[in-house]
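Numbering (this note's numbering), first residue to last: 99 to 432.
The beta-carbon is built from N, C-alpha and C at its ideal position, and this holds for glycine as well.
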Amino acid sequence: MPSYFYNKTFPVDVALISVTPPDKWGYCSVGVNVDTSLAAIESAKKVIAIINPKVPRTHGNTLIHQSRIDSFVEVDREIYGNPEGMHITEEEIKIGKLIAENLVDDGATLQLGIGAIPDSTLLAMKNHKDLGIHTELLGDGVIDLIEEGVINNSKKTVMPGKVVTSFGFGTQKFYKFLHDNPMIHFDCCSWTNHSDVVRANSKMTCINSGIEIDITGQIASDSIGNMVSSGFGGQVDFMNASATTYDGLGKAIIALTSRTNKGKSKITTTLAEGAGVVTTRGHVRYVVTEYGIANLGGKNVRQRAYALIQIAHPDDRERLEKEAFQRLKCMPSP
């Protein structure tokens, strides 16, 4: 998105931003939304700011001088967030434990999205050591691990000692944790998500989710058939980078429950008509459900189908095996 602002694909007439009150030098912080804000500010003809003392003053590439602001209003209210945190199901707890206990090494650098599965994974990492964070989005799940010293960023090769992120979303407790916290470095997503930056991290372990996965490993994560449900954020950037890290120790992980809330299998023979492939089967290495881990690395399509069917819901496996035979013209096998 920043490049679209800079190259005028999306000309910016007015940038509307939320900022902290200026410090004694006249600098305001853009708070928890650095991701595209700086590019919008630098590209805009005019900048209108909401100055709010409840916006966390964050560290990193977050400052704008008050002279760049053309107009402003002052408010004093809590910024938008998630008031209750994440509700985590039993299936998501199982997935988090599988990832933490089998796929996350001590000293790894992590990228996680926001949601129940990332939070359940973090909850299961209390016995890990020297973890680091380099992510697009940061949430509540990191607070306890940072305070307990599990996340200390000491083994990172890109900005050691710092949690790197481009924006944050969570509870008011989380926003207070971010305020004036020098460990948390916010920066533009054009840098945090850049493949060359991400793949330079040691043991880069990227944990993302999907809506649906077919038996070859193609991931739909932004649409349900023809219906677009969300953007895909930095998943493409991080999955590509973790599959091609400089140290060869990166892990590209997709985690999802085996079924939807309505009991439909998320592992399918083919993606629903119209669904977009966000992460290709060439980039996915591990797929995790509550029933286990499928390692797709180095496997042909027949072997991939077998591995994925083994982690589908038990009641769906026989049907998937028959459908896979019809598609592949051979039985899925290890």
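Check your understanding: In whole angstroms, what separates the C-alpha of His-283 from that of Val-262?
Key -> If you draw a straight line from the Cα of His-283 to the Cα of Val-262, it is about 5 Å long.
Taking 7 Å as the limit between beta carbons, can you name the residues of its chain near Glu-176, skipping five residues before and five after? Within the same chain, and ignoring the five residues on either side of Glu-176 in sequence, the residues whose Cβ sits closer than 7 Å to its Cβ are Lys-152, Gln-270.
### Message
How far does the alpha helix (DSSP H) with Asn-338 in it extend, from its first residue to its last?
### Response
Unbroken alpha helix (DSSP H) run through Asn-338: 333 to 340.
Q | Alpha carbon of Glu-140 to alpha carbon of Leu-161, nearest angstrom | A | Distance between the alpha carbons of Glu-140 and Leu-161 is about 12 Å.
Proximity below 8 Å, CB of Glu-234 to CB of Gly-332: For Glu-234 and Gly-332, yes; Cβs fall inside 8 Å.
With three or more beta-carbon pairs closer than 8 Å as the criterion, would you say the stretch 397 to 410 touches the stretch 355 to 369? Touching, per the Cβ criterion.
| message | How far does the beta strand (DSSP E) with Asp-312 in it extend, from its first residue to its last? | response | Looking at the DSSP string, the run of the beta strand (DSSP E) that includes Asp-312 is 310 to 312.
Item to complete: Pull up the CB-CB distance for Ala-214 and Ile-186, whole angstroms please, since I reckon it's below 8 Å.
Response: That belief holds up - the Cβ atoms of Ala-214 and Ile-186 are roughly 5 Å apart, short of 8 Å.
| query | Between the C-alpha atoms of Asp-278 and Thr-358, what's the straight-line distance to the nearest angstrom? | reply | Cα to Cα, Asp-278 sits roughly 40 Å from Thr-358.
Can at least three beta-carbon pairs, one atom from the stretch 349 to 356 and one from the stretch 281 to 299, be found at a separation below 8 Å?
-> Touching, no, given that fewer than three Cβ pairs across the two stretches are closer than 8 Å.
TODO: Throw me the rounded Cβ distance for the Lys-254 and Asn-299 pair, which I believe falls under 8 Å.
DONE: Correct: roughly 6 Å between the Cβ atoms.
query: With 16 as the cutoff for other CB atoms within 10 Å, does Phe-103 come out buried or exposed?
result: Buried, since its Cβ has 16 or more Cβ neighbours within 10 Å.
- prompt: At a cut of 8 Å, does the stretch 337 to 345 reach the stretch 378 to 387 through at least three beta carbon pairs?
  reply: A contact between stretches requires three or more CB pairs, one per stretch, nearer than 8 Å, and the stretch 337 to 345 meets this requirement with the stretch 378 to 387.
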